[in-house]
Each structure stands twice: as structure tokens, then as C-alpha cells.
Amino acid sequence: MNVLPQKATLPALALLLFGAPALAQADLTLSPARLEFALPPGGSAEERVVLRNGLAREEALQARLVPFALDAKGSVVEVEAPGLCPHLEGVPTALVLPPGGSAEVRVRVQAPKATGTLACLVVFSATPRPLERGGLRLSVRPELGLAVYLTLKGTEAPALRAKVGGAEEALPLLLENPGNVLQRVSGEARVFTLGGKEVARLPVEEVPVFPGGYRELALKPDPALPKGRYRVVLLLESAYGRYAAEGTWDVP
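Written as C-alpha cells, this is what we have:
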């Protein structure tokens, strides 16, 4: 089992479930930012996460489980398939953070007889609060999400397809995951003239690609490359291996 010791704050969290107007209404942090378990079918595990309140007032929170995936741009979307949620428990489901204080939540996983990677989002919801904007009186509910992943050991079937190239100022990149496990992919795109001279290396920061999903990226060189056609070699790696693709890039 791997637990990633990262800290996520409401303004920066990729799994943020509410709009910018609510940011001033809460100051919550969650550590770690996500949990990743690797268990055989039938196995179980428990981990703890810490919620902290940065405001000088109490913050009451309710927890609920939401099945989710990431869309092509990396945004969180709720899905119908239950995923890991029926096999996940967060304790307690209701808690009160004291002013400037913190509390622990225990996350328990019971691995089902399934294959690949399953996911669930533990959503911590604060109480609604009023907000005035543009002459309107609104009610906002800050929410913070903890992503939990379980990969069933012995059932992994990793795969990745990549397409690189196009006719844009930024290099188009498409990553597809036809396998059954979550792929966290990173690497670089090496750009060459048609004569073979290397003119740029564009980093690909770690990108999660869900099983059966895809991600669309655009890699922008700095400084921009001169107009023309280039050959691109894409080199990627994940915990499951290394991948390569090649294409042409027409810079307008």
C-alpha cells in the first residue's frame, strides 16, 4: 500500500468541487491529498488523513462518498459506476473542527473480487454560508475531496496509447488508457527539425489517466519555435513501463 504524503489546500486542490466565490468562506487543508492502496482481492487496509481548519471559528463537516473519474482536461466528473465506493468507509462521517484545530478521519478499504484500479472520492462538505456577489445573495457550500484508489494485485492489465503531433502553436498530445489500471504518466517530447537537429525538449509533468479514459494535453515551448514542420519523439514512463510515440508538428 502506498500513501502519498502530499498536502492539498482548498485554493489549489485539483479536486475542488466548488467555485472561486466560496474560497474566501473556508480555510481547510487535507493531508495526504490522496490515498492509494494496492491489495489482493479480499484484502483490507486502513489509513488516516488529517483535516485542518485555518479559521478562527468552528467548521462542521459531513463526509460522503462519490464515484468519480477525470475527463479529458483532468477535471473531476461524477460517474454512475460505483467503483470503489461500496467497499470504502470513512470514520467519522460527521466531525467538527475547532478554531485553528484539526481532526483525523480513518479510511478503511475492503478489496472486492474485481480487477484493475477502482476509485472513490471522499467529499467533506462544510455548512452552507451566505455570500453576496453582484447584488445577489447566494448560499455556498465549500467542499474538499480526498481521492482514494485501490489497485487489485494480480489483476493488473496495463496499457497506454499516445498520439503526438498536429498543427497548433502548442504541441497536441493525446493519451489513451485502454488498460484496467490507473496510469500516472510523465516524460518529455523531443522536438527535431526534419534535418535531425534537436531544437526543444518539452516536459510532460505527471498526468493521471483513468482506465478506459484519455487525456488531452498541449505542450507549449518557451520560447516559441519558428514556423515550420518538426519531427517529435515522445518518451513516457509510468510504474508499469516505458512508452514511445512519434509524430509531426506543423507550427503555424
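The sequence shown runs -26 to -1, 1 to 226 under mature numbering (1 follows the signal peptide of the UniProt record, and there is no 0).
Ideal Cβ positions, reconstructed from N, Cα and C, are used throughout, including at glycine.
query, result
"Same chain only: Cβ atoms within 6 Å of V138, ignoring 5 sequence neighbours per side", "L147, V206, L208, A219 and G221"
"Simplified DSSP assignment, three categories, for P60", "helix"
"Assigned exposure category for P116 - 16 Cβ within 10 Å defines buried", "buried"
"Enclosing beta strand (DSSP E) for K137 [first to last residue]", "R135 to V138"
"Whole-number beta carbon distance between L44 and A184, since they are thought to touch under 8 Å", "The amino acid at residue 184 is misidentified as Ala; the sequence shows Phe. With 8 Å as the limit, F184 and L44 qualify as a contact, their Cβ atoms being about 6 Å apart."
"L112 versus R103 - alpha carbon distance", "8 Å"
"Inside the stretch 22 to 93 only - beta strand (DSSP E) runs reaching at least 3 residues", "33 to 40, 42 to 44, 50 to 52, 62 to 65, 68 to 71 and 76 to 84"
"Y188 - containing beta strand (DSSP E), residue span", "Y188 to L193"
"The stretch 152 to 161 in contact with the stretch 58 to 71 per 3-pair CB rule at 8 Å", "no"
"Cβ neighbour criterion (16 or more within 10 Å) applied to P(-6)", "Reliability of the predicted coordinates at P(-6) is poor, the pLDDT of 44 falling under 50, and no value is obtained from them."
"Secondary structure of residue 272, DSSP reduced to three states", "This structure gives no information on residue 272, because the portion of the chain shown stretches from -26 to 226."
"Pair within 8 Å by beta-carbon distance, A85 and G187", "no"
"Reference D224; option with closest CA among G215, E180, E172 and L168", "L168"
"Contacts around A93, its chain only, beta-carbon distance under 6 Å, and the 5 residues preceding and following it disregarded", "G57, L58 and Y123"
"Where F184 sits in the DSSP three-state scheme", "coil"
"For R216, the three-state DSSP class (helix, strand or coil)", "strand"
"Candidates E78, A144 and G109: closest to L25 by CA position", "E78"
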